[in-house]
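Colleague: Structure in structure tokens, see below.
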Amino acid sequence: MKTFDLKKYLMGIFAIALLYSCDENRNEPGWSFFNDMEQSQAYETWSENPNMPEGKTMAGPVEGTVATHEHAYHFVKTPEDELKAASLTNPLANDFDQEHARELYDRFCLMCHGDNGDGKGFLFTSGKYPMPPASYKAERAMNKTDGQLFHNIRAGFGVMGAHGPQMSVEDTWQLVNYIRHLQAEQN
1 MKTFDLKKYL MGIFAIALLY SCDENRNEPG WSFFNDMEQS QAYETWSENP
51 NMPEGKTMAG PVEGTVATHE HAYHFVKTPE DELKAASLTN PLANDFDQEH
101 ARELYDRFCL MCHGDNGDGK GFLFTSGKYP MPPASYKAER AMNKTDGQLF
151 HNIRAGFGVM GAHGPQMSVE DTWQLVNYIR HLQAEQN
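Right under this line is the structure:
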């Protein structure tokens, strides 16, 4: 008989605890037994931190290092660096993913350079852009090396801004392959 009373007693405590845990206000977390994750000891991003050598919480990368997902690209938007970039070789020349490259072209190039790469994109044909963008089918573009096209995409060329920060190195090489594909269609 005592076991039966114990079961009733435990069921009653469980029911009370369950009902007590229900609350209309869903923004309140209720009781917190282990609040070390709730009340973090972390420092704010730009605050001072006495535990770090320079006293900064947010430290930049070590000079000369490159993140694992990035590649060092030391050329800038100058004619001299475009000539230096001519020596770059396309590591994906034999690994052309046309479907993916077309998606990249549509996202980054189509509005200015047009569907065929002839420089007659919507921004120019609509009159919103005062001068035609470069045509990939012009002799000047046809004579560029893959490295120079890579440089023009990564660092920019003329009034075109740099697309390097928006895409990976591999995607840039795929775009170079797609430009070569468009040029080959002309011939």
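For the sequence shown, the UniProt record's numbering assigns the number 1 to the initial residue and increments by one for each residue that follows.
Glycine included, C-beta positions come from ideal geometry on N, C-alpha and C.
The structure displayed is predicted, hence computed values, not measured ones.
Starting from the Cα of Q174, find the closest Cα among F150, P50, M111 and give me that residue.
Modeller: The shortest Cα separation from Q174 among F150, P50, M111 belongs to F150.
Colleague: Our contact map puts G147 next to T89 with C-beta atoms below 8 Å; I'd like the distance itself, whole angstroms only.
Modeller: That pair is a contact at about 7 Å.
Colleague: With a CB to CB cut of under 7 Å and the five nearest residues on each side skipped, what residues in its chain are close to A101?
Modeller: Hits under 7 Å: Q174, L175, N177, Y178.
Colleague: Using DSSP with H/G/I as helix, E/B as strand and the rest coil, what is F157?
Modeller: Strand at F157.
Colleague: Helix, strand or coil for K56? Go by DSSP, reduced to three states.
Modeller: Three-state DSSP puts K56 in a strand.
Colleague: What is the DSSP secondary structure of E99, reduced to helix, strand or coil?
Modeller: E99: helix per DSSP, three-state reduction.
Colleague: By the three-class DSSP mapping on this structure, what secondary structure does E63 have?
Modeller: It is coil, neither helix nor strand.
Colleague: Assess contact between the stretch 111-121 and the stretch 133-144, defined as three or more Cβ pairs (one per stretch) separated by less than 8 Å. Is contact present?
Modeller: Touching, yes.
Colleague: According to DSSP, what are the bridge partners of E48?
Modeller: DSSP, once it has assigned bridges, lists K56 as partnering E48.
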